[in-house]
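Just so you know, the sequences run in chain order A and G.
If you number the first sequence the way the working numbering does, the last residue is 603 and the count never jumps.
If you number the second sequence the way the working numbering does, the last residue is 603 and the count never jumps.
Beta carbons: idealized from backbone N, C-alpha and C, even for Gly.
Predicted, not measured: the structure shown is a model, and the values here were computed from it.
Below is one structure; the comments refer to it alone.
There are 2 protein chains.
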Amino acid sequence: MKIYDVPTAKETILKRERLEAAETPQSVLDGIEQRLGARMTPEEAVRHIIAEVRARGDEALHDFNKRIDGVEIEALEVNIADIERAYEAVPESLLRNMELAIERIEAFHRKQPAISWLDSSEQGVLGQLVRPIERVGVYVPGGTAPLFSSLLMSVIPARVAGVPQIIVCSPPPIHPTILVAADLAGVGRVFRVGGAQAIAALANGTASIPKVDKVVGAGGLFVTLAKRMVYGAVGIDGLPGPTETMLIADASANPVYVAADLLAQAEHDVLASAILLTPSAALAQTVQAEVERQRARLSRQSILAQSLAERSGIVLTKDLDEAFDLANEYAPEHLCLLLDEPFNYLGKVRHAGGVFLGEGSFEVLGDYVAGPSHIMPTEGTARFASPLSVLDFVKLINVIGLNAPHLYRPAAHLAQAEKLDAHASAALARMKD
Amino acid sequence: MKIYDVPTAKETILKRERLEAAETPQSVLDGIEQRLGARMTPEEAVRHIIAEVRARGDEALHDFNKRIDGVEIEALEVNIADIERAYEAVPESLLRNMELAIERIEAFHRKQPAISWLDSSEQGVLGQLVRPIERVGVYVPGGTAPLFSSLLMSVIPARVAGVPQIIVCSPPPIHPTILVAADLAGVGRVFRVGGAQAIAALANGTASIPKVDKVVGAGGLFVTLAKRMVYGAVGIDGLPGPTETMLIADASANPVYVAADLLAQAEHDVLASAILLTPSAALAQTVQAEVERQRARLSRQSILAQSLAERSGIVLTKDLDEAFDLANEYAPEHLCLLLDEPFNYLGKVRHAGGVFLGEGSFEVLGDYVAGPSHIMPTEGTARFASPLSVLDFVKLINVIGLNAPHLYRPAAHLAQAEKLDAHASAALARMKD
Chain A
171 MKIYDVPTAK ETILKRERLE AAETPQSVLD GIEQRLGARM TPEEAVRHII
221 AEVRARGDEA LHDFNKRIDG VEIEALEVNI ADIERAYEAV PESLLRNMEL
271 AIERIEAFHR KQPAISWLDS SEQGVLGQLV RPIERVGVYV PGGTAPLFSS
321 LLMSVIPARV AGVPQIIVCS PPPIHPTILV AADLAGVGRV FRVGGAQAIA
371 ALANGTASIP KVDKVVGAGG LFVTLAKRMV YGAVGIDGLP GPTETMLIAD
421 ASANPVYVAA DLLAQAEHDV LASAILLTPS AALAQTVQAE VERQRARLSR
471 QSILAQSLAE RSGIVLTKDL DEAFDLANEY APEHLCLLLD EPFNYLGKVR
521 HAGGVFLGEG SFEVLGDYVA GPSHIMPTEG TARFASPLSV LDFVKLINVI
571 GLNAPHLYRP AAHLAQAEKL DAHASAALAR MKD
Chain G
171 MKIYDVPTAK ETILKRERLE AAETPQSVLD GIEQRLGARM TPEEAVRHII
221 AEVRARGDEA LHDFNKRIDG VEIEALEVNI ADIERAYEAV PESLLRNMEL
271 AIERIEAFHR KQPAISWLDS SEQGVLGQLV RPIERVGVYV PGGTAPLFSS
321 LLMSVIPARV AGVPQIIVCS PPPIHPTILV AADLAGVGRV FRVGGAQAIA
371 ALANGTASIP KVDKVVGAGG LFVTLAKRMV YGAVGIDGLP GPTETMLIAD
421 ASANPVYVAA DLLAQAEHDV LASAILLTPS AALAQTVQAE VERQRARLSR
471 QSILAQSLAE RSGIVLTKDL DEAFDLANEY APEHLCLLLD EPFNYLGKVR
521 HAGGVFLGEG SFEVLGDYVA GPSHIMPTEG TARFASPLSV LDFVKLINVI
571 GLNAPHLYRP AAHLAQAEKL DAHASAALAR MKD
């Protein structure tokens, strides 16, 4: 892990390129050709997949499962026997910890304010109803590590919001821990399908998979491209990119914890990014050594090698103010303050998905059991986007119940100024009686 | 305006095709070729425009102003002298009514709950900070009617949310009422540029126009396509389509008001849709006659002719329950209840942008002076999306400030089950000390 000065860091690790905008690696293009039988860009491939799912429904899903995931399945939908078998594969202690996580995620989101309000006066009633979205599709990626925690972090806020129908799609074979997490979290139906084809199925519906109102959850490039294309026909939660963490630490920080937190972030993914900002040159050097020492004992070596070398680093800042300036500019998904008296710095945080205060409140706690959803805005979208929460699973309905004849003439006048005379007439008609 | 039975209505006026998905009319393709000098689909044209604005900045904006809007401007940015001249062109009475509108929109949004919360216990602190977005771009379309009301309906909620920098783009020449509305509403800077090129400028920034964090506001097909493409690099408020209203009326409704409300909606746009659902055959017929009678006196005849014939109609339902079922399925932007005791029916509304209760609380009031933003979800997106509100101009930051060592072991255990051993190590490291 390299140590950078600020100008160099700005030109390298603090500069992000959106995954969609990056040049497509040859291996991805080859993979598309091999699986779909034609030379296509990822965007063309996703367009093709969506069109096929629209035209051929379940048949296309079985097809893509075979060609893309290399799995031939009998039934798209997971049944009760599958869930029962999954429970047998999950140790009792893991079940109990999942339940602890569920309990804490639920408790946190129950505290989030998301309530209807009506304000009444002699002029009538105005307000906003908060209503749950009716049908939500949650995408859960497959891959090397079965991320049941991401399922919990999307499903529980939806359930707290009151969403009556929650549907999960995940590429086959689905790991037993995912099935158990889905069942414990209260998911209604689970389907064995992944990638762009899962997003297409949720957005359009097939004979087996019901059309949903909103699709949430992270995936790779193909899932992201598909979400962009179906947006509008259904809602989406965002277009998440690779995960990232930024730590701000001062000389008081324990370098063992700092290094461990950086490594925890870096092991996610070759594109993951773990950045330490510190004004302490001494800390920078100890952490650098400590990262080397700790990483030797870890298992995901090739991922760590790549993410630490290419996307991560230690940045030496002039002072803590400069560190906070850089952090606000970067708008990280996770911002961890390993500072003496971290609460004193909360007011400096303008853009971040989540802020973790102090060494006892580290990102891994937030990944599993702290309570807030760990699905947070990446790639600087924290400038405008929020972590997943109850608000993502409700919508507002404006309520206008006025009895205010004194507003009719102003409304008519404003309509006339917009040259909308039928608008004006609708107001004036009411003044004649 | 035709009267439909339910099955026919479902196959015609209640069936929506997304504007982006519709086949491009020849006239649009010809327009693109004429203005941009090449045969392109709208999507290709927008991609080209965005690339040009990225590459050539302000120069491209001047170019597109000339080629697309046919206007040669000296300065992209509106200056104080321009604003002063605009005030001279706006009558005092209109100013006063704009101020009334601003006051009411502001009062409504100040009541909307959007506040930070922190919950503390012996285990520490958890909560969510609500922070304003820093820079918002508001797109205001040009066209035949200068819709200053849409500017107010987006700018005021942003200002109430605390957004410090609000920037408006609108195609030249900008009508004086738009400039005055922008000034009264507290907009910081106004730029003379429209269409996809305005969205591209706001999303990427140019020498003159600062890059914003989020773009809001409705436009035509090109603006919508551009918003879809820039989404992710910046936030967007949605992909609004043609405006639509649905009225549910019973025999008690005044047919004069019902007809006036339908016509007010239909005059917006040839794609606008105004639909009455009623179980009363008598009302259906009187309204049909009344629409014919009233429309003769109105000015936007060719728009009315097309929207009334193609996108609007009266649907005879079995009873009010069937009307509400249809409305919830359609999820209209506006839902107006011209019913005896309309409040009794509020509980039946599951999906709508706004619900208007009773004959005294009609859509035109909501368009200008009721208070809630009139920018509401169209094309059935009310199933998952909300009207524009303070929530569109803030984002949440999760706060995790725990002191809860009893959670370290469960977190480590869950991490191990996900095969993330550096995650587990970050938790276990803290247990050694």
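### Task
Would you mind reading off the limits of the alpha helix (DSSP H) that contains G/Ala-204?
Per the sequence presented here, residue 204 of chain G reads as Gln, with Ala not at that position. Run containing G/Gln-204: 196-206, per the alpha helix (DSSP H) assignment.
### G/Lys-397 in three-state terms, based on DSSP
helix
### Query
Which residues in chain A sit within 9 angstroms of G/Asn-573, going by Cβ to Cβ distance?
Gly-528, Gly-530 and Ser-531
### Message
At the level of alpha carbons, what is the spacing between G/Leu-535 and G/Gln-204?
### Response
41 angstroms
### Query
Are the C-beta atoms of A/His-583 and some chain G residue less than 9 angstroms apart?
yes
### Task
Return the chain-ordered list of same chain residues with a C-beta closer than 8 angstroms to the C-beta of A/Val-569, the five sequence neighbours on each side being excluded.
Leu-288, Val-295, Leu-296, Gly-297, Gln-298 and Leu-299
### Query
Closest to A/Asp-420 by CA distance: which of A/Leu-474, A/Leu-446, A/Arg-463 and A/Leu-432 is it?
A/Leu-446
### Message
With three or more C-beta pairs closer than 8 angstroms as the rule, is the region 515-525 of chain A touching the region 564-580 of chain G?
### Response
yes
### Query
Can the beta-carbon of A/Glu-549 be found less than 9 angstroms from the beta-carbon of G/Gly-402?
yes
### Query
Distance, Cα to Cα, G/Ala-377 vs G/Glu-244?
15 angstroms
#### Entry: Rounded separation between G/Ile-253 and G/Ser-340 - CA only
14 angstroms
### Query
Taking the continuous alpha helix (DSSP H) assigned at A/Thr-456, which residues delimit it?
451-465
### Task
Identify whether G/Asp-439 lies in helix, strand or coil by the three-state DSSP scheme.
coil
### Message
So within the region 350-396 of chain G, which uninterrupted alpha helix (DSSP H) runs reach at least 4 residues, ignoring any that extend past its ends?
### Response
365-374
### Task
Could you name the residues that DSSP lists as bridge partners for G/Glu-181?
Bridge partners of G/Glu-181: none, in fact.
### Task
Give the secondary structure of A/Asp-431 by DSSP, where H, G and I count as helix, E and B as strand, and everything else as coil.
helix
### Task
Give me the Cα-Cα distance between G/Ile-337 and G/His-583, rounded to the nearest whole angstrom.
49 angstroms
### Query
Does the region 387-403 of chain G come close enough to the region 422-441 of chain G that 3 or more CB-CB pairs lie under 8 angstroms?
no
### Query
Nearest-angstrom Cα distance between A/Met-546 and G/Glu-460?
54 angstroms
### Task
Out of G/Val-382, G/Gln-196, G/Gln-293 and G/Gly-364, point me to the one whose CA is closest to G/Gly-240's CA.
G/Gly-364
### Message
Please tell me whether G/Met-171 has its Cβ less than 9 angstroms away from any Cβ of chain A.
### Response
no
### Message
Let me check understanding here. Comparing Cα to Cα, which of G/Glu-222, G/Phe-234, G/Glu-269 and G/Leu-566 lies closest to G/Arg-362?
### Response
G/Phe-234
### Query
Hey, does G/Met-546 have any beta-carbon neighbour from chain A nearer than 9 angstroms?
yes
### Message
If we define contact as Cβ-Cβ less than 9 angstroms, is G/Thr-194 a contact residue for chain A?
### Response
no
### Query
Between the beta-carbon of G/Val-382 and the beta-carbon of G/Asp-407, is there less than 9 angstroms?
no
### Message
I want to verify the contact list: residues of chain A whose CB lies under 7 angstroms from the CB of G/Ser-556, in sequence order.
### Response
Lys-565 and Leu-566
### Query
Closest by CA to A/Ala-259, which one among A/Ala-501, A/Arg-226, A/Leu-349 and A/Ser-556?
A/Leu-349
### Task
Identify, in the order they occur along the chain, each residue of the same chain with its Cβ nearer than 8 angstroms to the Cβ of G/Arg-224, setting aside the five sequence neighbours on each side.
Ala-370 and Asn-374
### Query
Span of the alpha helix (DSSP H) holding G/Asp-591?
591-602
### Message
Within the continuous beta strand (DSSP E) that includes A/His-583, where are the two ends?
### Response
No beta strand (DSSP E) holds A/His-583; the alpha helix (DSSP H) holding it covers 578-587.
### Task
In angstroms with no decimal places, state the Cα-to-Cα distance between G/Ile-303 and G/Glu-492.
42 angstroms
### Query
DSSP three-state call for G/Pro-212: helix, strand or coil?
helix
### Query
For G/Leu-246, which option in G/Leu-372, G/Ala-479 and G/Met-399 has the closest C-alpha, if you only look at C-alpha atoms?
G/Leu-372
### 9 angstroms Cβ cut-off: residues of chain G touching A/Arg-481
Within 9 angstroms Cβ-Cβ: nothing; A/Arg-481 doesn't reach chain G, min ~15 angstroms.
### Message
By the three-class DSSP mapping on this structure, what secondary structure does G/Phe-532 have?
### Response
coil
### With 16 other Cβ atoms within 10 Å as the buried cut-off, status of A/Asn-267
buried
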